[in-house]
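J.: Structure incoming, see below.
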Amino acid sequence: MPIPPRPLAIRCPKCGWQHSWQPASDALQPSDLPPTHCQRCGHAKLEARPASGLEQAWAQLKRLLS
Ligand SMILES: [Zn+2]
C-alpha cells in the first residue's frame with residue numbers, strides 16, 4: 013500500500029512568507045513538488061517542517077476551494 017507524502021509547512025526565513033504544501037496524491041508529478049524558492053522574495057533556502065493538523069486542514073480546504 014502506498015504511503016502518501018507528508019504535508020509540509022514551508023517558511024521563508026528572510027521575509028516570513030509561509031506556505032502549507034500538501035501533495036495532491038501519492039503519485040507525485042514534478043509540478044506537485046514543494047516550492048524551492050520563496051514566492052515573495054525569491055530566497056532559495058526555505059525552512060520546512062511537518063505541518064500541524066490545523067495547517068494540514070487549512071491546506072486541504074484551500075485546495076478544495078481553488
Ligand atoms: Zn521570502
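Residue numbers (our numbering): 13 to 78.
A virtual CB, placed ideally from N, CA and C, is assigned to each residue, including glycine.
Assuming alanine 29 contacts proline 46 under a Cβ cut-off of 8 Å, what Cβ separation, rounded to an integer in Å, is found between them?
T.: One-based indexing of the sequence shown puts residue 29 at position 17. One-based indexing of the sequence shown puts residue 46 at position 34. A small correction: the amino acid at residue 29 is tryptophan; alanine does not occupy that position in the sequence shown. Going by Cβ atoms, the distance from tryptophan 29 to proline 46 rounds to 13 Å, so no, they are not a contact pair.
J.: Using DSSP bridges, identify the partner residues of leucine 66.
T.: As a working note, residue 66 is residue 54 in the sequence shown. Beta-bridge pairing links leucine 66 to no other residue.
J.: Pick out every residue whose C-beta is nearer than 6 Å to a heavy atom of ligand 1: which are they, in chain order?
T.: Spelled out in chain order, the answer is Cys24, Lys26, Cys27, Trp29, Cys50, Arg52, Cys53 and His55.
J.: Just to confirm, are leucine 58 and cysteine 27 a CB contact at a threshold of 8 Å?
T.: Position 46 of the sequence shown, counting from 1, holds the residue named residue 58. Position 15 of the sequence shown, counting from 1, holds the residue named residue 27. Cβ atoms of leucine 58 and cysteine 27: not closer than 8 Å.
J.: Can you list, in chain order, the residues of its chain with a C-beta nearer than 6 Å to that of histidine 55? Leave out the 5 residues immediately preceding and following it.
T.: Walking along the sequence shown from the start, residue 55 turns up at place 43. So the list reads Cys24 and Lys26, once near-sequence residues are dropped.
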